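Worksheet: the structure to be examined is printed underneath.
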Amino acid sequence: MSGHVTLTSTEPGAAVESAAALPTGAQRPAGGAAGVWARRGGRAAAVTVGLLVLVALTAPWLAALEGQDPNSFHDTLLNSATGGSPNGTFGGISAQHWLGVEPTTGRDLFARLVYGARVSLGVALGATLGQLLLGLLVGLAAGLADGRRGGRWVDALLSRVTDLALALPTFFFSIALLAVVPQSFPRPLLLGLILTGLGWAPIARIVRAETRVLREREYVAAAVLTGAGSWRIARREILPGLVAPVATYTAIVIPQNMVAEAGLSFLGLGVRPPTSSWGQMLSTSTTWFQVDPTYVLVPALTLLVCVLAFAGLGEALRVAFDPKSPVPAHTRRGRRKQAAGKKGEAR
Amino acid sequence: MLRPARIALFTATAVALTGSLAACGAGSSSSASSSDAFSAANCQGGTLRVLDSAKNTKGFDPAVLYTSGGGAIPRLLFRTLTTRQSVAGTNGTKVVPDLATDTGTPSQNATVWTYHLKSGLKYADGTPITAADIKYGVERSFSPQLAGGPPYLRDWLVGGADYQGPYGGGTTDLASIATPDPSTIVFHLRKSEGDFPYLAAETQFAPVPKAKDTGKEYNADPVSSGPYSIAGFTKGKELDLVRNSYWSRSTDQQRLACPDRIDISLGLSSAVINQRLSASVGQDANAITTDTSLDAPTLARVSADPALKKRVVTGKFPQIFYLAFDLKKAPFDNQLVREALSYAVDRTALVNAEGGTQLAVPSTTFTPESLTAAHQDYDYFPAGATGNPTKAKQLLAQAGHPNGITVPLAYDTDDVNTGAPAATALQQAFAKAGITLQLQPLSDADFNSTVNTPATQPALTLTSWGADWPSGGPFLTPIFDGRQIVTGGGNFNLAQYNDPAVNAQIDKINQITDYTAAQQQWAALDAQLGKLALTVPLYEEATSVLYGSHVKNAYLDQWRGWYDIASVSVK
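So the sequence lines, in the order shown, correspond to chains A and B. Under UniProt numbering, think of the first position of the first sequence as 1, with each following residue one higher. Under UniProt numbering, think of the first position of the second sequence as 1, with each following residue one higher.
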């Protein structure tokens, strides 16, 4: 029902349409999840994301299926005389080691990859969730603050803080923070917290802008007239209208967070050994690209697919929620068929 | 003896920029390259390029440099009383006369050392080199504004502890260094030091003309006594050396000084250096590096290419990578537990983690095999190639830990050698014996302050040790002499081991001035200490380095495990 707000909707007309929650579903393609599923690209992205999450969840069983674990060394699979590179072709791929083994240690790459999914996806999803919560809170507070009770100051203050957070050079800031926090602090949690702390501002901005538009609606005014409190208004009247832009933005942010985790791990500031993450795997493998390309390609392609899938999902969500986007092909076809049927024509 | 190998090696190489030319004289043309054979008599000419990654080289003040055996590049600029012998192989660890006529005459139980200078020695400006200049050079190194050199002089020389150098008020002269005539210099030590000739190879023993001394500014343009002088130096970018016309092979048997010019590029990335050396295109054919060795992936690539493989030389800086126990902390106060860890260790996995057999060699002795003279083979707790977890478990049970133990392991994250790869390999091997290692990664700065301060030292540390010169003395003393325990920081006796009998034994060996005899005693001491499992020796490192296709007579000297630039030719 809340399907029609564009990401950067500033056009009152469009917003009114969405906020009024008119029963327009009949004329419009389904928004949200159904809308994503209705599109081929969205469906592929959703399936890929689902598979990746499944891999992360079932990592121990997948590794057991292969018969390996992520941390055992295999000296016998390496050629110690040539820098510890894996024996055999394609980085030592065999029936026992589906993606080959890591040079200098002989650790199984498939097991490390599936276990690495837990860290990479966990950090990315956790950080995104944190950014979402913080961004919503700040954005709503700033957007709902009104002039009567000194609210303008609240809005101004929160907005400037948001601007400040936006202006921070995120990556360098994370590096500095990761370097000063004691090594005993759990690394994945720390990564999640830092990415949260540095990435909430764009969400807050979108939420604030959207809230300011929504709160001028008649139905919100009506709620105010009935004496509803700010919290109730935020929760019951405003939040539903925010679902579309926020969901879309979230899907875009997840791959960004994943790349950030990979980047920090790449610089040696990510997870600690022997834990694997995709970023850590990529980081240790780069120097081997000429000798053992498989070793580099395994994490690189996985990251690529993952980032593409989330980006695809984000795009599909955006399109699904955008009232101006064309109706998906098969839906159109279906409707045409319906129409044709009414007219009694075969084609 | 207060310096961990890591630091000594680094400075050696940073300094190595200034390198050394060794007259191979005796016969050191080991791994010559390409076309014609190398001939020392006919090797002069051309420009040698040096591709280095060091970018913090501030300059070349002989008082401030901390080198091993004079370093690489400093040895091209500064001659010292003694120097290392410029030959490939084991004889490269020998100390030989340089400015002096011999390696020193000891008297009074090796507490007084007398040197006579050769005649006809001159600086790059044509003025003669005198004994007073060497005395002045040593004195400068005591000045607080020129700190940075090795700590031995302050410890050894009579009155050294309180001397503040020649610049300040009060006494500006160190009485324990006497110069009875312009070509004689006498050092008075407060204790017996049979290794004094090795210390006299450090740059602090290079002559500095008092009239030309500019204090802190001296590092920009030092007066050269070696075969080259500085033509241009841009910090972090490049250093150009040209011939010193007053230097002559007739007074210098250790430097061949083949190239007419030496152009040193600084601050290059190691990947770029190895790529340029392996491609060896244009000017890079005449190139070497003094601080960038091959890492495992590059080595794997080079090994697969016969043409490239020919241009790789391998050497060793005597340095041991080991596990250090704190004997004051449970459970390592119990020898059985220490033995259990010695049995559980998987040296094959460690060697692989370092990049395979070309880059590391397992060692069961604290004094590594590459320190040949002071090495005695022993393996009291045979772990085999990949560890003996059964025996380890049995010992743990005997020690009262039938369910295994959990211990922290500190390691240096910034050290590519003793860092995460080795720590992870240990963790895996120890898990099989019921020993759970909790990894405690520390950054370089944290590592040094935490580990080398007894109050904050972890129970178990993965670290390394090398000596400033190839002798068992600087190798064993800082680690096992109880009087060397420093509570304030900078402590290297990590075991906190203090046995008066061993301390007395060390004093006795220091009185021996015959190198071979002394080294045999050091070796015996190492073998005796090994029985106590005070450390778990793991492996020693090898250095593999590439050189350009036109470079000749490139070998790694065994004193430092790096190129002896003084011997390299590009003609």
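By construction, the Cβ of each residue, glycine as well, lies at the ideal position given by its N, Cα and C atoms. Given the structure is predicted, the values throughout are model-derived calculations rather than measurements.
Just checking Tyr380 of chain B against the ligand NAD - is the residue's beta carbon closer than 8 Å to any of the ligand's heavy atoms?
This structure does not include the ligand NAD; it has no bound ligands of any sort.
Would you check if the stretch 117-127 of chain B and the stretch 141-148 of chain B touch, i.e. whether three or more CB-CB distances between them fall below 8 Å?
Contact between the stretch 141-148 of chain B and the stretch 117-127 of chain B is absent, because fewer than three Cβ pairs lie under 8 Å.
Among A:Ile203, A:Val55, A:Val119, which residue has its Cα nearest to the Cα of Val243 of chain A?
A:Ile203
List, in chain order, every chain B residue whose beta-carbon is nearer than 7 Å to that of Trp288 of chain A.
Listed along chain B, the residues sitting closer than 7 Å to Trp288 of chain A by beta-carbon distance are Pro297.
Do you know offhand how far residue 614 of chain B's Cα is from Ala271 of chain B's?
This structure cannot speak to residue 614 of chain B, because chain B is shown only from 1 to 571.
Tell me the rounded alpha-carbon separation between Ser224 of chain B and Tyr136 of chain B.
Straight across, the Cα-Cα distance linking Ser224 of chain B with Tyr136 of chain B is about 15 Å.
Between Ala399 of chain B and Ala353 of chain B, which are expected to be in contact by the criterion C-beta below 8 Å, what is the C-beta distance as a whole number of angstroms?
Not a contact, Cβ separation roughly 28 Å.
For Ala117 of chain A, which residues of its own chain have a beta-carbon under 6 Å away from its beta-carbon, when the five flanking residues on both sides are left out?
Val55, Ala56
Pull up the distance between the alpha-carbon of residue 374 of chain A and that of Val220 of chain A, whole angstroms please.
With chain A covering only 1 through 347, there is no way to say anything about residue 374 of chain A.
Beta strand (DSSP E) containing Pro362 of chain B: first to last residue?
360-362
Is any beta-carbon of chain A found at less than 9 Å from that of Pro382 of chain B?
no
Do the CB positions of Asn286 of chain B and Gly46 of chain B come within less than 9 Å of each other?
yes
When B:Ala307, B:Ala533, B:Ser250 are compared against Tyr322 of chain B, the one with the closest alpha-carbon:
B:Ala533 is the residue among B:Ala307, B:Ala533, B:Ser250 whose C-alpha sits nearest the C-alpha of Tyr322 of chain B.
Give the residues of chain B in contact with Asp69 of chain A, contact being defined as C-beta atoms less than 8 Å apart.
Residues of chain B passing the Cβ test: none, with the nearest at roughly 10 Å.
Note down, in chain order, every chain A residue with its Cβ under 8 Å from the Cβ of Ala353 of chain B.
Gly84, Thr104, Thr105
Counting pairs of beta carbons, one from the stretch 311-326 of chain B and one from the stretch 536-552 of chain B, are three or more of them closer than 8 Å?
yes
In whole angstroms, what separates the C-alpha of Ala54 of chain B from that of Asp240 of chain B?
15 Å
Residue ranges of each alpha helix (DSSP H) within the stretch 312-375 of chain B, 4 or longer:
Listed in chain order, the complete alpha helix (DSSP H) runs (minimum 4 residues) inside the stretch 312-375 of chain B are 335-344, 347-353.
Proximal residues of chain B, C-beta to C-beta of Arg272 of chain A below 7 Å
Leu439, Pro441
Residue closest to Thr250 of chain A, alpha-carbon to alpha-carbon, out of A:Arg318, A:Cys306, A:Asp108:
For the options A:Arg318, A:Cys306, A:Asp108, the alpha carbon positioned closest to that of Thr250 of chain A is the one of A:Arg318.
Helix, strand or coil for Pro144 of chain B, going by three-state DSSP, please let me know.
The answer is helix: DSSP assigns Pro144 of chain B an H, G or I state.
Helix, strand or coil for Asp173 of chain B? Go by DSSP, reduced to three states.
coil
Where do the ends of the beta strand (DSSP E) carrying Asp263 of chain B lie?
261-265
Hey, out of B:Asp507, B:Gly466, B:Phe381, whose CA is closest to Arg483 of chain B's CA?
B:Asp507
Helix or strand or just coil, what does DSSP make of Leu268 of chain B?
coil
In chain order, what residues of the same chain lie with their CB nearer than 6 Å to the CB of Gln438 of chain B, ignoring the 5 residues before and after it?
Pro408
Using a Cβ-Cβ distance under 9 Å, would Ala300 of chain B count as near chain A?
Against chain A, the CB of Ala300 of chain B has a partner CB under 9 Å away; the residue lies at that interface.
Based on DSSP bridge pairs, tell me the residues matched to Ser544 of chain B.
Answer is B:Thr314, bridged to Ser544 of chain B.
Sort out for me which residues DSSP pairs Gln440 of chain B with in a bridge.
Residue pairing from DSSP places Gln440 of chain B in a beta bridge opposite B:Ala410.
Evaluate contact between the stretch 441-458 of chain B and the stretch 345-362 of chain B, counting only Cβ atoms and requiring at least three cross-stretch pairs below 8 Å.
Short answer: they don't touch.
Would you say Pro306 of chain B lies against chain A (beta-carbon separation less than 9 Å)?
So, not an interface residue.
6 Å Cβ shell around Lys571 of chain B - same chain, five flanking residues per side excluded
Cys43, Gly45, Gly46
From B:Ile565, B:Ala504, B:Tyr539, pick the residue whose C-alpha is nearest to that of Ser192 of chain B; which is it?
Relative to the Cα of Ser192 of chain B, the nearest Cα in the group B:Ile565, B:Ala504, B:Tyr539 belongs to B:Ala504.
Roughly how far, in whole angstroms, is the beta-carbon of Ala496 of chain B from the beta-carbon of Leu327 of chain B, given that I think they are within contact range, below 8 Å?
The sequence given here has Gln at residue 496 of chain B, not Ala. With 8 Å as the limit, Gln496 of chain B and Leu327 of chain B qualify as a contact, their Cβ atoms being about 6 Å apart.
Those residues which DSSP pairs with Tyr115 of chain B across a bridge:
In DSSP, Tyr115 of chain B forms a bridge with B:Ile185.
Following the continuous alpha helix (DSSP H) through Glu218 of chain A, name the residue where it begins and the one where it ends.
218-225
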